[in-house]
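Structure, as structure tokens:
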Amino acid sequence: MASPLAATAFGQVTRLAAERRVHQAFRWLHLQEQAVFAWQQELVEIPAPPFGEGPRAEWLAQRFRELDLRDVVTDEAGNVIGRMPGMDEAAGCVVLSAHIDTVFPAGTVIEPRVEGRRLHAPGACDNGAGVAGMLALATALREAELQPACDVYFVGNTGEEGGGDLRGIRHLYQHAPWRERIRGHIVLDGAGDSVAITHALASLRFRAVVRGPGGHAWTDAGSLNPILVLSRAIARLGEIVLPSSPRTTLNIGSIRGGTAINAIPEEAEASFDLRSTDPEQLIRLEVEVHRATEDAVLSANLEMATRLAGQRSALHLAGQRLRFAVEKIGDRPGGRLPEDSRLMGLLLAVDRQLGLRTEPRVASTDANLPLSLGVPALTLGAGGQGGGIHTQAEWYDATNRELALRRVLLLLLATADASSSKEA
Ligand SMILES: [Zn+2]
Numbered sequence: 001m002a003s004p005l006a007a008t009a010f011g012q013v014t015r016l017a018a019e020r021r022v023h024q025a026f027r028w029l030h031l032q033e034q035a036v037f038a039w040q041q042e043l044v045e046i047p048a049p050p051f052g053e054g055p056r057a058e059w060l061a062q063r064f065r066e067l068d069l070r071d072v073v074t075d076e077a078g079n080v081i082g083r084m085p086g087m088d089e090a091a092g093c094v095v096l097s098a099h100i101d102t103v104f105p106a107g108t109v110i111e112p113r114v115e116g117r118r119l120h121a122p123g124a125c126d127n128g129a130g131v132a133g134m135l136a137l138a139t140a141l142r143e144a145e146l147q148p149a150c151d152v153y154f155v156g157n158t159g160e161e162g163g164g165d166l167r168g169i170r171h172l173y174q175h176a177p178w179r180e181r182i183r184g185h186i187v188l189d190g191a192g193d194s195v196a197i198t199h200a201l202a203s204l205r206f207r208a209v210v211r212g213p214g215g216h217a218w219t220d221a222g223s224l225n226p227i228l229v230l231s232r233a234i235a236r237l238g239e240i241v242l243p244s245s246p247r248t249t250l251n252i253g254s255i256r257g258g259t260a261i262n263a264i265p266e267e268a269e270a271s272f273d274l275r276s277t278d279p280e281q282l283i284r285l286e287v288e289v290h291r292a293t294e295d296a297v298l299s300a301n302l303e304m305a306t307r308l309a310g311q312r313s314a315l316h317l318a319g320q321r322l323r324f325a326v327e328k329i330g331d332r333p334g335g336r337l338p339e340d341s342r343l344m345g346l347l348l349a350v351d352r353q354l355g356l357r358t359e360p361r362v363a364s365t366d367a368n369l370p371l372s373l374g375v376p377a378l379t380l381g382a383g384g385q386g387g388g389i390h391t392q393a394e395w396y397d398a399t400n401r402e403l404a405l406r407r408v409l410l411l412l413l414a415t416a417d418a419s420s421s422k423e424a
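Quick note: the sequence shown, position 337, residue 337 per UniProt numbering, numbers continuous.
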């Protein structure tokens with residue numbers, strides 16, 4: 001073994017894996033795959049668009065109550081929370097969460113279709129797999145009468161996708177009465193059994209709006225055009241050379257504006273998504289987004305003023321100016337699980353025990369928030385395979401799901417051990 005810490009972690013995991021009740025939990029996961037698959041089908045059928053997660057939350061709260069989880073609540077942010085009491089209820093606690101929202105807007109037709117072990121439906125994998133996996137784990141623990149060393153909070157959270165800006169998990173860390181006790185947080189998101197997201201990718205999102213007087217295409221010709229001016233800003237942003245290391249991206253995700261083909265638009269709007277493994281790059285890009293918009297608007301206004309000074313005939317253009325605003329609409333903080341952290345050591349030990357190769361990744365998930373606050377956290381797949389993520393053709397295949405669930409179960413119990421007062 002590489003270090004005494006790693007040896008301790010491996011010893012701890014080996015001991016856990018040999019426990020009779022842990023075997024019973026594994027057996028439940030093996031025998032009850034059909035039940036887990038049925039839950040997944042049931043839950044993906046309930047629409048959960050961003051800011052419309054209510055009905056799915058209600059369904060999950062009902063499952064939590066049937067499992068006899070304690071203190072089941074739906075909080076102000078729409079998160080569904082249930083507590084599994086640990087042997088030591090006064091110690092720290094551990095969170096296992098899965099986002100319940102989908103990327104699909106309200107009104108999306110969702111008709112789940114099953115082919116063998118494959119479920120076809122928008123959201124089947126992201127995050128039908130995570131939520132079903134979380135329920136499976138809570139049930140397996142219950143059925144095996146396995147009591148974790150400290151309290152485990154199961155959370156079906158809102159606001160992970162699209163414009164949600166992690167509002168569910170953010171709320172949890174700002175308002176949950178037990179937030180100060182959190183010693184570890186495992187997020188389940190999508191499929192897979194070897195990837196572990198341990199490096200949280202920071203991202204910033206902006207909306208730029210340019211407004212003008214608008215007018216008729218013919219009679220007001222020559223008026224300042226917000227679409228044209230915003231396009232100049234976008235073109236300039238498109239020319240920025242972004243570093244590949246640290247990997248940094250700038251996406252122009254949407255553009256809207258104007259009302260009719262024969263009208264000069266009164267408004268144009270674009271949205272930008274900035275990501276980087278290095279927060280400094282984000283600050284630099286944030287400045288670029290502001291500067292590109294501001295420069296485009298100011299130079300158009302200046303051009304107009306110059307034009308008016310030279311041609312008195314264009315009196316109808318007098319006083320014309322464009323206005324602009326750049327608004328921050330998303331801020332996902334970054335962070336990293338330290339290589340020498342207890343949680344990382346336990347994950348490596350669990351993967352070694354199960355013969356899995358740990359593949360650390362960088363991504364933007366619910367784990368961003370705890371990691372940014374220094375709470376040990378990571379995001380794991382909930383097993384099986386998935387594809388067509390965020391499209392109508394999304395699918396999930398449950399083959400070998402139990403391996404990943406065994407991984408999460410061992411990691412959860414080991415983290416709870418490490419968080420109880422005997423070791424904390
Ligand atoms: Zn997801």
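Idealized CB from N, CA, C, for every residue including glycine.
> So, using beta-carbon positions, are Ala149 and Ala382 closer together than 8 Å?
Replying inline: no
> Does the distance from the C-beta atom of Val94 to that of Leu409 stay below 8 Å?
Replying inline: no
> Quick one: what's Tyr173 bridged to in DSSP?
Replying inline: For Tyr173, which the question treats as bridged, DSSP gives no partner whatsoever.
>> Between the segment 56-76 and the segment 113-122, can you find at least three pairs of beta-carbon atoms closer than 8 Å?
In response: no
> From Arg142 to Leu67, what does the alpha carbon distance come to, in whole angstroms?
Replying inline: 7 Å
>> What does the alpha-carbon distance come out to for the pair Ala202 and His216?
In response: 43 Å
>> Three Cβ pairs or more, each shorter than 8 Å: is that satisfied between the segment 208-228 and the segment 369-377?
In response: no
> Can you list, in chain order, every residue whose CB sits closer than 6 Å to a heavy atom of ligand 1?
Replying inline: His99, Asp126, Asn127, Glu160, Asp189, Gly190
>> To the nearest angstrom, how far is the alpha carbon of Thr74 from that of Arg179?
In response: 16 Å
> Just how far apart, CA to CA, sit Thr358 and Ala404?
Replying inline: 12 Å
>> With a threshold of 8 Å on Cβ separation, who are the neighbours of residue 426 within its own chain once the five nearest residues in sequence on each side are excluded?
In response: For residue 426 there is no data in the structure shown, the boundaries of the chain being 1 and 424.
> Starting from Leu201 and walking both ways along the beta strand (DSSP E), at which residues does that stretch end?
Replying inline: It is not in any beta strand (DSSP E) - Leu201 carries neither H nor E in the DSSP assignment.
>> So, under 8 Å CB-CB, Ala292 and Arg236 are touching, yes? Tell me the CB distance rounded to an integer number of Å.
In response: 5 Å
> Of the choices Glu269, Leu337, Leu96, Thr277, whose alpha-carbon is the least far from that of Asn79?
Replying inline: Leu96
> Which residues in the same chain have their Cβ closer than 6 Å to the Cβ of Thr249, if we skip the five residues on either side of it in sequence?
Replying inline: Arg275
>> Between the alpha carbons of Arg167 and Gly184, how many angstroms are there, rounded?
In response: 19 Å
> Do you know offhand how far Phe10's Cα is from Gln353's?
Replying inline: 8 Å
>> According to DSSP, simplified to helix, strand and coil, what is Gly184?
In response: strand
> Thr259: which of Glu89, Ile227, Leu242 sits nearest, CA to CA?
Replying inline: Ile227
> What's the gap between the Cα of Ser419 and the Cα of Met344?
Replying inline: 14 Å
> Quick one, are the C-beta atoms of Phe26 and Arg284 less than 8 Å apart?
Replying inline: no
>> Alpha carbons only, please: which of Gln392, Ile234, Ala263, Asn301 is nearest the one belonging to Trp218?
In response: Ala263
>> Applying the 10 Å Cβ sphere with the 16-neighbour rule, what's the burial state of Ile329?
In response: exposed
> Relative to the C-alpha of Ala393, which residue among Ile252, Pro122, Ala414, Phe272 is closest?
Replying inline: Pro122
>> My output table needs one value for Gln385: the three-state DSSP class, helix, strand or coil.
In response: strand
> Which whole runs of the beta strand (DSSP E) in the UniProt domain "Peptidase M20 dimerisation" (204-292) are 3 residues long or more, in chain order?
Replying inline: 248-257, 267-276
>> Measuring alpha carbon to alpha carbon, tell me which residue in Val297, Ala138, Leu282 is nearest Phe206.
In response: Leu282
>> Is the separation between the beta-carbon of Pro47 and that of Ala129 shorter than 8 Å?
In response: no
> Considering Phe26, what are the terminal residues of the alpha helix (DSSP H) in which it resides?
Replying inline: 20-31
> Going straight from the alpha carbon of Asp295 to that of Ala270, what length do you get?
Replying inline: 16 Å
> The beta strand (DSSP E) spanning Phe154 covers which residue range?
Replying inline: 150-157
>> By the three-class DSSP mapping on this structure, what secondary structure does Ala424 have?
In response: With a pLDDT of only 40 at Ala424, under 50, the local geometry of the prediction cannot be trusted, and no value is derived from it.
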